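Trainee: Okay, handing you the structure first.
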Amino acid sequence: MGWYDDHILPHCITLACNTRPVRLQREKIVPQATGDVLEIGFGGGPNLPYYDRRNIRKVWGLEPAAAMRKLAEAPIAASGIDVELIGLPGEEIPLDAASIDTVLVTYTLCTIGDVAATLAGMRRVLRPGGRLLFCEHGSAPDPGVRHWQDKLNSGWGRITGGCNMNRDIPYIIETAGFSIIEDNRMYIPGLRILSYNFWGAAVIR
Ligand SMILES: C[S@@+](CC[C@H](N)C(=O)[O-])C[C@H]1O[C@@H](n2cnc3c(N)ncnc32)[C@H](O)[C@@H]1O
235 MGWYDDHILP HCITLACNTR PVRLQREKIV PQATGDVLEI GFGGGPNLPY
285 YDRRNIRKVW GLEPAAAMRK LAEAPIAASG IDVELIGLPG EEIPLDAASI
335 DTVLVTYTLC TIGDVAATLA GMRRVLRPGG RLLFCEHGSA PDPGVRHWQD
385 KLNSGWGRIT GGCNMNRDIP YIIETAGFSI IEDNRMYIPG LRILSYNFWG
435 AAVIR
């Protein structure tokens, strides 16, 4: 972790993930969380205002970046939600098997290094009947847009802490042994190479 990653990047990510179109996406998915929740890639806590507090018991927030966890402290305190921050990556979920009702992941599957291991961990901790809620950006359906996503992906990753703009999110989720039971996708307002969104719910197959 260099100075840029510690001092500049967390604020850039927080700003980029707080545009109005992104906030509207959060509104669609986060309130569906119930019970014991595991949020992967908690960031600075941008989802906290969208939880339906009547339906959740506790949130475990997995966030490997210390700078992001620091940014999350004030929003957690203000939220009144019981949040336990865990300084580990998604590849190392430390919770018991079948202990979680909802896994929530927003704008993070693009960045995780070993996404297959992370999804395997999500499957392990979900209770029978539990759901994976996701809202992510990724691979666009238009060949012209996809061409530029593929071309710019590695440079983009270098300045964004490893974000990929061209991941096929539903394919990744399904390949990991989930069935997507609610499947939504569209461009949200913004740069087309970054704004094709996938959101919905998946269950263990
Ligand atoms: C673009 S931000 C999204 C943050 C938040 N989920 C949101 O919706 O705005 C991606 C987050 O994933 C975190 N991250 C990076 N690698 C990760 C990993 N291997 N496991 C879990 N989170 C990771 C980053 O530190 C960052 O906080």
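Going letter by letter, the sequence shown gives residues 235 to 439 in my numbering.
Cβ coordinates follow ideal geometry from the N, Cα and C atoms, glycine included.
The model shown is predicted, which means the values in this text are computed figures rather than measured ones.
Enumerated in chain order, which unbroken segments of the beta strand (DSSP E) with a length of 3 residues or greater are wholly contained in the region 313-339?
Mentor: If we require 3 residues or more, the beta strand (DSSP E) runs fully inside the region 313-339 come out as 317-320.
Trainee: What is the C-beta distance between Val349 and Leu329, in whole angstroms, given that I count them as a contact (C-beta under 8 Å)?
Mentor: No, Val349 and Leu329 are not in contact; Cβ-Cβ is about 18 Å, not under 8 Å.
Trainee: Per DSSP, what are the beta-bridge partners of Arg419 in this structure?
Mentor: DSSP output for Arg419 lists Phe432 as bridge partner(s).
Trainee: Do Gly278 and Leu249 have their CB atoms nearer than 8 Å?
Mentor: The answer is no: Cβ separation not under 8 Å.
Trainee: Going by Cα to Cα distance, which pick from Val317, Ile346, Ala299 is closest to Tyr238?
Mentor: It is Ala299.
Trainee: Does at least one heavy atom of ligand 1 sit under 7 Å from the Cβ of Gly236?
Mentor: Incorrect: Gly236 has no Cβ contact closer than 7 Å to ligand 1.
Trainee: What number of angstroms, rounded off, separates the C-alpha of Ser413 from the C-alpha of Arg419?
Mentor: For Ser413 and Arg419, the distance between alpha carbons rounds to 16 Å.
Trainee: Apart from the five residues just before and just after Pro323, which ones in its own chain have a Cβ nearer than 8 Å to its Cβ?
Mentor: Counting only Cβ-Cβ distances below 8 Å, and skipping sequence neighbours, we find Leu296, Pro298, Ile346, Gly347, Thr352.
Trainee: Taking just the CA atoms, how far does Leu338 sit from Arg365?
Mentor: Cα to Cα, Arg365 sits roughly 8 Å from Leu338.
Trainee: Measuring CA to CA, which of Ile438, Tyr421, Ile242, Leu343 is closest to Arg361?
Mentor: When each option's Cα is compared against that of Arg361, the closest is Ile438.
Trainee: What does DSSP give as the partner residues of Ile438 in its beta bridges?
Mentor: Bridge partners of Ile438: Phe412.
Trainee: Ligand 1 heavy atoms versus the CB of Met302: any closer than 7 Å?
Mentor: Yes, the Cβ of Met302 comes within 7 Å of a heavy atom of ligand 1.
Trainee: Determine the DSSP secondary structure at Leu249, reduced to helix, strand or coil.
Mentor: Helix.
Trainee: For Thr342, which residues from the same chain have a beta carbon less than 7 Å from its beta carbon, with the 5 sequence-adjacent residues on both sides left out?
Mentor: Closer than 7 Å at the Cβ level, and outside the excluded window around Thr342, lie Ile274, Gly275.
Trainee: Cα-Cα, which of Ile242, Thr253, Pro244, Cys246 is closest to Ser429?
Mentor: Answer by Cα proximity: Thr253.
Trainee: Pick helix, strand or coil for Gly269, following the three-state DSSP scheme.
Mentor: Of the three classes helix, strand and coil, the one that applies to Gly269 here is strand, per DSSP.
Trainee: State yes or no: is the C-beta of Pro280 nearer than 7 Å to some heavy atom of ligand 3?
Mentor: With respect to ligand 3, the structure shown offers nothing to examine, as its ligands consist of ligand 1.
Trainee: Closest to Ala436 by CA distance: which of Asp270, Ile263, Tyr284 is it?
Mentor: Among Asp270, Ile263, Tyr284, the Cα nearest to that of Ala436 belongs to Ile263.
Trainee: Ordered along the chain, which non-local residues of its own chain (more than five positions away) have a Cβ less than 6 Å from that of Ile415?
Mentor: Taken in chain order, the residues that qualify are Ala435, Val437.
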